[in-house]
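Residue numbers for the sequence shown follow our numbering, beginning at 0 and rising by one.
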Amino acid sequence: MFIFTGTVYLNMLFCMFLSRVYMLTHLSIRNFAVVKTLDVDFSQGMTAITGETGAGKSISVDALGLCLGDRADSSMVRTGANKAEVSAGFNVKQLPEALKWLEEHELLDDDEVLIRRIVSTEGRSKAFVNGTPVPLQQLKNLGQFLLSIHGQHAHQQILKSDNQRRLLDKYAEHDPLLAKVADCYQTLRTQQQRYQNLLEGRQQREDRSQLLSYQIQELDEYAMAEGEFVALETEHKKLSNSQSLLEQSQISFHKLYEAEEFNALSAVQSCVDQLTELQEHDPNLKPIVNMLVEASIQINEAANELRTYTEQLEIDPMRMQNVENRYSQALDLSRKHNVKPEMLYGFHQQLSIEFSELVKNDSLLEELKVNLCELEQQYHHAANKLGLSRQKAAKSFAKQVEHHIHQMNMAESVFKIDVEHLAQGTPNKLGLDIVHFMVSTNKGQALDNLEKVVSGGELSRIGLAIQVISSSNSDIATMIFDEVDSGISGSTASVVGQLLRKLGESSQVICVTHLPQVAARAHNQMFVTKFSDKKTTETHMICLQESERIEELARLLAGDTLTEKAIANARELLQISNS
């Protein structure tokens, strides 16, 4: 539980010669756990954070992790407060990937980025970039371009083969090759799944094809034309009633035109003649006469049409039989296929299309089989290219690691990276290689997998060497090392300090450490101390001046009791480290 008070400014002495603009510029914490307030400005170079055991040296690392997307929970909120808040400022002028990301998301504000994370007492959190709310995933995506945190458990991670492969790929900058392999794999996987689906449904398609073939053959033999049934139905009704149509048409023609005693046309014409004479006496009869004249014309035309109709109407028994047979067949087929008769033509076309697709799928199955061979070749070509690059990079990477661990009191050690290419292996998006870090820590000892050989201290040295090399090849300008030097002491610690200081000359390095040899190498040093009055606990972080650094280094060398000898050793250590 920690309470930070005051504003701390890290001095920029020793940093003026550095070539890069510092990246992490400021960290602000409010009500984080029991931390009440903290404001700290960071500068370039290597900054060491030291302090008493349990004082909370890693609190700034935890806060930065939260600020850049780590999981939040309610326990992070200081008792009595309604929220915890962490803010971090970065200068991204020399971080092209970060600038590109910010521009793409319309979050760029000059060369400065302010990231803010708020956690409520319910465990919910909000994230902001330059004052704009962003999803947590976006915060994580941005964070990967700003800084990298190497925790004290990172060394254990390098024992896993997957992480060993990842470290090698990071060192060799394999992102383009990995992307190509992943793209080939995804294409291959998609087509394999498509082929498998078609293959699994082959028997079902064959059964369906047989059924469709029978149904289509039957419908082909009937060969109904589009719209034929409607016409057929109309003609069937006509032929079925042809005798009645003829008789009634003839009777109607007779009544309209031919009857001698009385027919409609003669009756109307007679009325026209009589009323025409009378309209001279009453003009109101004129419209009636006109209508009767029009009616006589219509009756005459209707009679002529009826005569033509009866003359053309034929009673053809053969045609009647043909139509009856075809009409009955259509009804039978409609019942058999459970569709309306007028839908038979469309149903026939639908079955033909489905049958064609089934035939096409069988053909596609063969095409996919050939295509899969080509895709597999493309994948193996990309995977082989990645494998060859890994093997080449493995030699360079191993040589650098070996050089560093020799400096850290492992002079007889041999370090090798074995890249096993599984030419017949199952394709995956990461290639066909298994990466093993191999080491021999004693002369004459055979190389073996890392986890089978090294002790805790040896693992710390190898892990630190790998992290330093990986960080020096990274575009990320701010690196945080949280007690990664555990298990190291003596002259080895001095070498570790030299490595981190050298890294700090081109990047911003923040190192939480308990080793005086490492702290002495830093351009800047901060001290964390804890105070408790039995009711509350406070942790203070202060920037040490030279005299204060000597006292802190003496404490790290000799313990809490400071002697003149310890102070003299600390002064000498600081002078040597900065010479």
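Built from N, CA and C at the ideal position, the CB exists for glycine as well.
For G64, the number of other beta carbons within 10 angstroms of its own is at least 16, and it is reported as buried. In this structure, A521 is the residue among A521, V400, I58 and E563 with its C-alpha nearest to the C-alpha of R548. Of the residues assessed, R70 falls on the exposed side of the cut-off, its CB having fewer than 16 other CB atoms within 10 angstroms.
For M437, the uninterrupted beta strand (DSSP E) run begins and ends at D432 to S439, by DSSP. The residue from N90, G55, A54 and T120 with its alpha-carbon nearest to that of T24 is N90. Classified as exposed, H280 has fewer than 16 neighbouring CB atoms from the shown chains inside 10 Å of its CB. By the Cβ rule, the segment 365 to 381 counts as touching the segment 190 to 201, because three or more pairs are nearer than 8 Å.
Here DSSP, grouped into helix, strand and coil, assigns N408 to coil.
Taking C-beta atoms as the reference points, S395 and V413 fail to come closer than 7 Å.
Looking at the backbone, the Cα of G489 and that of P515 are separated by about 9 Å. Contact between the segment 469 to 485 and the segment 549 to 557 is absent, with fewer than three C-beta pairs closer than 8 Å. With a threshold of 16 other beta carbon atoms within 10 Å, R334 falls short and is exposed. DSSP places E293 in the uninterrupted alpha helix (DSSP H) bounded by K285 to Q311. Counting C-beta atoms within 10 angstroms of its own C-beta, R460 has 16 or more neighbours from the protein chains shown and is therefore classed as buried. The beta carbons of F252 and R306 sit closer together than 7 Å. Per the coordinates, the alpha-carbon of L446 lies some 17 Å from the alpha-carbon of I157. In the three-state reduction of the DSSP assignment, M45 falls in the strand class, which pools E and B.
Per DSSP, R29 is one residue of the beta strand (DSSP E) stretching across L23 to F31. Per DSSP, the continuous alpha helix (DSSP H) segment holding L332 begins and ends at P316 to K335.
Beyond the five residues adjoining it in sequence on each side, Q390 comes within less than 7 Å, by CB distance, of V418 in the same chain, given in chain order. Under the DSSP definition of a beta bridge, T36 partners with R29. In this structure, the alpha-carbon of G430 lies about 39 Å from that of Q43. In this structure the segment 375 to 383 does not lie against the segment 347 to 363, because fewer than three pairs of beta carbons, one per stretch, are closer than 8 Å. Between the alpha carbons of D61 and I566 lies a gap of roughly 32 Å. Here the alpha carbon of V128 sits roughly 23 Å from the alpha carbon of A80. Taking K415 as the centre and dropping the five residues before and after it, the same chain places the C-beta of A397, M437 and L446 closer than 7 Å to its C-beta, in chain order.
In this structure A492 is not in contact with V453, their Cβ atoms being roughly 18 Å apart against a cut-off of 8 Å. When the beta-carbon positions are compared, I298 and A329 stay at least 7 Å from each other.
Secondary structure note for P515: its alpha helix (DSSP H) is the uninterrupted segment P515 to A518. Contact between D481 and I148 holds, with the beta-carbon distance rounding to 7 Å and staying under 8 Å. Counted as a single uninterrupted DSSP element, the stretch harbouring K254 is not any alpha helix (DSSP H), since DSSP gives it neither H nor E. R116 has its alpha-carbon roughly 9 Å from the corresponding atom of L138. Note on geometry: alpha-carbon atoms of A258 and I250 lie some 10 Å from one another.
Put simply, of R201, H402, E172 and C510 the residue whose alpha carbon is nearest the alpha carbon of T49 is C510.
Counting only runs of 3+ residues, the beta strand (DSSP E) found wholly inside the segment 484 to 561 occupies 507 to 511, 523 to 531 and 536 to 542, in chain order. Counted as a single uninterrupted DSSP element, the alpha helix (DSSP H) harbouring L141 occupies residues L135 to G142.
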